[in-house]
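In what follows, a structure is listed as structure tokens, so that the remarks can point back to it.
Number of protein chains: 2
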Amino acid sequence: MQNALQRFKADIFQALAHPTRIAIVEILREDEVSAGAILERLGVEQANASQHLAVLRARQIVVNRKEGNQVFYSLRSHRLTEVLDIMRLYFEEHLSEVTEMLTEIRLQASPSDVSPEEEQ
Amino acid sequence: MQNALQRFKADIFQALAHPTRIAIVEILREDEVSAGAILERLGVEQANASQHLAVLRARQIVVNRKEGNQVFYSLRSHRLTEVLDIMRLYFEEHLSEVTEMLTEIRLQASPSDVSPEEEQ
DNA sequence: TTCAAATATTCTAAAAATCGAATATACTTA
DNA sequence: TAAGTATATTCGATTTTTAGAATATTTGAA
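Heads up: the sequence lines are chains W and C, in that order.
Each residue of the first sequence is one higher than the last, beginning at 7 in this note's numbering.
Each residue of the second sequence is one higher than the last, beginning at 7 in this note's numbering.
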């Protein structure tokens, strides 16, 4: 059972391990959105968007509903948006660490200027 | 910037997208642990464990400290353990949905048996 | 019907991830 | 210094992921 949980987590993370799929989940954060509208916002090839949606569907991260001509997607659970929110915090913390580090480097190197390649 | 954040998230998820690496992060949840001890608990090849640790290091998910002969690993931030906790909830919710679904199927099909292909 | 729109699937080539085997590096101790 | 222990890296083969092109499927409308 222990392993099953780890495999499950790894599978979900794998499904989220692509910027386009992150973008899709974020598009679906609030409402249900049609495949066409998702495609439009992503700005990628239709087939490609559809493949990424298929990955998310396979892992049951998204759910879809057919209405006439269109297919509307939505998140199956909002747990994953919690996860994305934490990731944003993590990113921001990470960022501030990096900038703190750079500030320290600059202070050590003062008073003369920091060369361009040390910025980031 | 929007895209940078999405790429960042995807990168972190990619780093976590393997059961062995999930296991490593969970081993490090509480304390700092030596590479050898991690290896022992994982039960994989030494080289393989080291490769997975390298992936986690590259993404700065873990941090290491050298002490004599050994290398001690720890989590750089505890945000990711929050993420793993949410994933456990998500898994449990997922599980109960599946079992509820199976129960419904059984109730609908009662009293006679369900034929194999009618199961999800 | 026939056509067009929305979406999904299949195919193929290229890139990336994974594993174990072999090897390298860095310490420690004899 | 030489040998041993702990850990990391490189290499080669295999598998998986990815993107775009082409094609298929489903549905609504003429």
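Glycine residues also receive a C-beta, built at the ideal position from the N, C-alpha and C atoms.
A quick note: this is a predicted structure, and the numbers were derived from the prediction, not measured.
Would residue i and residue j qualify as a contact pair, given that the criterion is a beta-carbon distance under 8 Å?
i	j	result
A21(C)	V61(C)	yes
V39(C)	L81(C)	no
R27(W)	H58(W)	yes
F19(W)	F97(C)	no
R35(C)	T87(C)	yes
L48(C)	A29(C)	yes
R13(C)	P25(W)	yes
Y79(C)	V68(C)	yes
E99(W)	S83(C)	yes
R71(W)	D17(W)	no
V77(C)	A23(C)	no
For residue i, which three-state DSSP category applies?
i	result
V120(C)	Legend: pLDDT at V120(C) = 39, less than 50; position of this residue unreliable, value from coordinates given subsequently. Note: V120(C) maps to coil in three-state DSSP.
E125(C)	Only weak support exists for where E125(C) lies, its pLDDT of 33 falling under 50; the coordinates are left without a value.
I18(C)	helix
A10(W)	helix
**Whole runs of the beta strand (DSSP E) within the segment 20 to 88 of chain W, excluding any shorter than 3 residues** = 68 to 73 and 76 to 81
**Message:** Any C-beta of chain W within less than 9 Å: which residues of the segment 78 to 93 of chain C qualify?
**Reply:** R82, S83, R85, L86, E88, V89, L90, I92 and M93
**Asked** Relative to chain C, which residues along the segment 10 to 34 of chain W have a C-beta separation below 9 Å, given in chain order?
**Response** A10, L11, Q12, R13, F14, K15, A16, D17, I18, F19, Q20, A21, L22, A23, H24, P25, T26, R27, I28, A29 and E32
**Request:** Give, in chain order, every residue of the segment 46 to 79 of chain W whose Cβ lies closer than 9 Å to some Cβ of chain C.
**Result:** Q66
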